[in-house]
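Line by line, the protein sequences are chains E and D.
Just so you know, we're using our numbering here: the first sequence kicks off at 8 and counts up by one.
Just so you know, we're using our numbering here: the second sequence kicks off at 6 and counts up by one.
The block underneath contains the structure these notes are about, expressed in structure tokens.
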Amino acid sequence: MGVGEETSGYWAGIEPSAALPLLGSAGGHSERRCDNAGAHCSSAALVSTQQFCRRLVPALVPPLVYGLIRNMPSQPCVYLSRPAAWKNTLSGLESAKHYIAAKDWLPVQASQDRAERELKKAMVVDSSPQYKSRVFREPASPSVVIGQAVDTKQPPALCSSSIVELKPELPRQSTSRLIQGAYCLWALAVFLWYFWQFFPAISPLLKGILQKSWH
Amino acid sequence: MALIQAGLILVAVCAFLLAAASLGNLILRILHLEMDTDAQQLVICAGVGVIAIEMLLFGVALTQQIRKGCFVVVGLLCVLLLAEFKSLTPRCSQSIKVVFPGSRADRFLILIIGITLGIEFLISLAPLTGSDALHYHFTTQKLILEYGFHPDFSISNSFFCGQHHLLILFGLALGSEKLAMGLIFLGGILTVFSLACLASRWSSSRTTSAITLLFLLTPVVFWQISSSGAPDIWMAFFTSAAVMVLCQNKISGTWRQALLAGLLAGGVVGAKYTGCLVAVALATAIAAEYRSMQSTLLLGAGSLLTGIWPYLRNLVWTGDPVFPFFSTMLIPERVNFFALNAIRADTGASNSSHWVEFVPFVFFAGMRQGSLGFWDFFGPIVFALAPLWSASVGHFHKWRVAAVVWCVSAVAVFYASGLPRFLLPVFPLALAFTAAGLDSSQQKGWRIANRFAWGLVILLWIFGGVGLAMYSWKPVATALGIVREVNYLEERRPEYQEAEVINRVLASQTKGGKTLLFIRHTYSLDAPFLNGDPATSWMINPDRLRTPQDWTILFQKEGITFVARSPDYPEAIEAPLMEMEAKGDLIPLAQSVVRDFQGMRIDGKRAEIPVIVLRVKSAIETQGDH
């Protein structure tokens, strides 16, 4: 069975309509879930991230990071993506799902057929034979095109799969550039501060190089 | 000739690696343990194998038949290698296929990594110049080979030698300082592999390669891997390997996983006292992840099994397992407060760090303005890109084991020591997070932030690459035989010329016992000696050596015949020794002037330093009586 075709592997029992509820634990629970093919999960690893954070993280992680974790939504986050992001999804594929934030939404006027075609194309181009994938529409909301991939080398109990959704009607996040600008400023400030602090150690070396090149 | 020698060392190191992996493979098969991928299986096998070999070497050292014992260990490893070779070969070929991905850019990165490793290997083959290595990492092993496995209170730091120093002992016992350096380099190679395995769990192959290259070009890392002569890089490997085991899916939550992680944690515990802090962090991580007392206890038991040996040795030799830090409580009658305070200051134990320094320290951007140097230079990348992790905060559950190990270790090291370089064991974990942050920003579509971050990574590559080129050209030229070793030693090895003068003078003396001297880098000395610097010698207690009579008793007790100073005595013991010189109890024998570093070697300042060798008069009289 080729890449991009609909597969009927060990995860095929998950119907498209059932896929989203199953995947609806972003940020809440461990990625491990059982497929309905009878495989079992290791219960030892089924620890809620939020429980973990509430008990241990405040003591270990700086307050800012903890604030981010604590405020993670308990409901499923649905982000959007474009087909080009599919490659990145596959490269990091190891968990049950990946939600991908979008930067470049498909234009509103783009037809769903085009979205489906583009997604299929991206999956065929960027997938390796290790992944079996398919594209389908969610029956409940046909405007959503979903691509799923499964890592055939992972054991069935891990249910590795990946989802990319295309929802052209949702708006672009206006704060994205602001956040990125803040990150860049922070990184630049840290770099400058660090090298300024280390300048007394670097300067003798620079001086040595200059002296040698001068002579 | 030099190239042939380098090739032989490379073959020997590779053979050692394969033999260690064979031994580890056997142990993992007995424990029915299988990692998620072949590459991870090989790395873990090598780690378990190395720690098992070190336990064997510890047993060999106890027998006092060290050279013979080391050759027996070599024979045993050859047998194991032959027995397990068939089992290892498919895993090796599979792992190599994974390492060489399809894209041209990825292959180019792999090529650059290979070149960097090659350069660092050649640096490691140059003669030893690391200050601490010349003081105790190599000197202690050399003295053990010459005089047996006994405590040496003349070098206080000799009690800091851990499990991985046995690899240096192994190399020296087989007759090669270069092999000993090669075994330290091997620790670097395995750390690189374990970093790549960890990072590839959370990021793409390209980002993994990029971060691996950044690791190799970080000054503190290439110094530790290549020329420092300290085996601390093995701690980074064992920490990453233990975290890798705790992140496995196939064996998740099993007792075998906890035991294996513990065995590897022992490689960190037994390396250095601060390794205990990392082991506590690993125990915290497993307790938090699996909420199982049994798993936590198994991890503790495993780490004790493989890492307790240096602590037992110290307990038997001194009465203090972490000598000399608990000596005031455990052996108050034998405390040398002068030496203890000097050691506490040197290791950062007595320094108090300001809370403002806490956050940069944890993110590897800490530095000590009092002694600024590249041995603390981890680069700003982890701190600068830390906010990018928020782009992938939804995947925190995948990272939490590594995050707990990193945070708990860093916090503990900050309060216990405050020396940034002691964070080296958890640096690969932080870089793996950085790789994940880079990819997450890309996946989230933050194109500007992602490109800026990549720009910073490239900038650090350039900085590190230039630094490596500047640092490496002389040792590489020496390793390749282009520069003569003597010239290199005169230029780079601290106190080499002083030691050579002392060697020359003492070689012409027909009779003689030990020489009391005050230089720090004693590795170059051929004659028996006693370190007289009260800051680094537990035997020299200024509180008890106040008069010439006290010194005369010490000279007689230790069989000291000569005293060498260059140029002055340490201030704390200067008065009685100068008095002995004035009285004629110490008779000048020879004097010479050499050029050597003044202050820190990194400053490059040189000065003319007189070296004076004196004969102890009472020793002449005693010899005359006999």
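Where a beta carbon is used, it is the ideal one built from N, C-alpha and C, also for glycine.
Length of the line joining the Cα atoms of residue i and residue j
i, j, result
"D/ALA389", "D/SER209", "20 Å"
"D/ILE101", "D/LEU93", "12 Å"
"D/VAL431", "D/ALA241", "6 Å"
"D/TRP228", "D/TRP380", "7 Å"
"D/GLN514", "D/PHE165", "34 Å"
"D/VAL598", "D/PHE567", "18 Å"
"D/LEU81", "D/GLN10", "24 Å"
"D/ASN319", "D/ILE313", "10 Å"
"D/ALA17", "D/VAL79", "11 Å"
"E/PHE198", "D/PRO365", "12 Å"
"D/LYS147", "D/ALA57", "22 Å"
"D/LYS622", "D/PHE382", "49 Å"
"D/VAL285", "D/SER357", "22 Å"
"D/LEU61", "D/ALA293", "34 Å"
"D/VAL226", "D/LYS562", "44 Å"
"D/VAL340", "D/PHE331", "10 Å"
"D/PHE342", "D/LEU377", "27 Å"
"D/ILE524", "D/PHE560", "18 Å"
"D/ALA263", "D/GLU338", "41 Å"
"D/PHE175", "E/TRP203", "43 Å"
"D/LEU218", "D/LEU114", "8 Å"
"D/VAL104", "D/SER98", "10 Å"
"E/TYR201", "E/SER183", "27 Å"
Residue-chain proximity (residue i, chain D), Cβ-Cβ < 9 Å
i, result
"E/SER212", "Note that residue 212 of chain E is Leu in the sequence shown here, rather than Ser. Yes, because at least one Cβ of chain D sits closer than 9 Å to the Cβ of E/LEU212."
"E/SER98", "Summary for E/SER98: the model assigns pLDDT 43, below 50, so the residue's position carries little reliability; its value from the coordinates is reported in the next sentence. E/SER98 counts as touching chain D."
Residue i at chain E interface by Cβ criterion, 9 Å
i, result
"D/LEU390", "yes"
"D/TRP360", "no"
"D/PHE663", "With chain D covering only 6 through 631, there is no way to say anything about residue 663 of chain D."
"D/ALA454", "yes"
"D/GLY469", "no"
"D/PHE438", "no"
"D/TRP466", "no"
"D/ALA370", "yes"
"D/PRO95", "no"
"D/GLN374", "yes"
"D/PRO385", "yes"
"D/PHE227", "no"
"D/ASP608", "yes"
"D/PHE379", "yes"
"D/TRP451", "yes"
"D/PHE382", "yes"
"D/LEU591", "no"
"D/LEU393", "yes"
"D/LEU127", "no"
"D/LEU461", "yes"
Buried versus exposed, by CB contacts within 10 Å (16 or more), residue i
i, result
"D/SER245", "buried"
"D/CYS83", "exposed"
"D/LEU251", "buried"
"E/LEU192", "exposed"
"D/ILE592", "exposed"
"D/THR68", "exposed"
"E/LYS214", "exposed"
"D/THR552", "exposed"
"D/ASP157", "buried"
"E/ASP42", "Its pLDDT being 34, under 50, E/ASP42 is placed unreliably in this model, and the value from its coordinates should be taken loosely. E/ASP42 comes out buried."
"D/TYR316", "buried"
"D/ILE298", "In the sequence as displayed, the identity of residue 298 of chain D is Met instead of Ile. By the 10 Å Cβ count, D/MET298 comes out exposed."
"D/LYS588", "exposed"
"D/GLY353", "buried"
"D/ARG489", "exposed"
"D/VAL491", "exposed"
"D/TRP360", "exposed"
message: Closer than 7 Å between beta carbons: that is the criterion. Which residues of the region 187–202 of chain E meet it against chain D?
response: GLN187, TYR190, CYS191, TRP193, ALA194, VAL197, PHE198, TYR201
task: Could you list the residues in the region 472–501 of chain D with a C-beta less than 9 Å from some C-beta on chain E, going in chain order?
output: For the region 472–501 of chain D, which is checked against every Cβ of chain E, the residues closer than 9 Å are GLY472, MET475.
task: Could you please tell me which residues of the region 423–435 of chain D, in chain order, have their CB closer than 7 Å to any CB of chain E?
output: none
message: Threshold first: 4 residues or longer. Then list the alpha helix (DSSP H) segments lying entirely within the region 394–468 of chain D, N to C.
response: 401–421, 432–448
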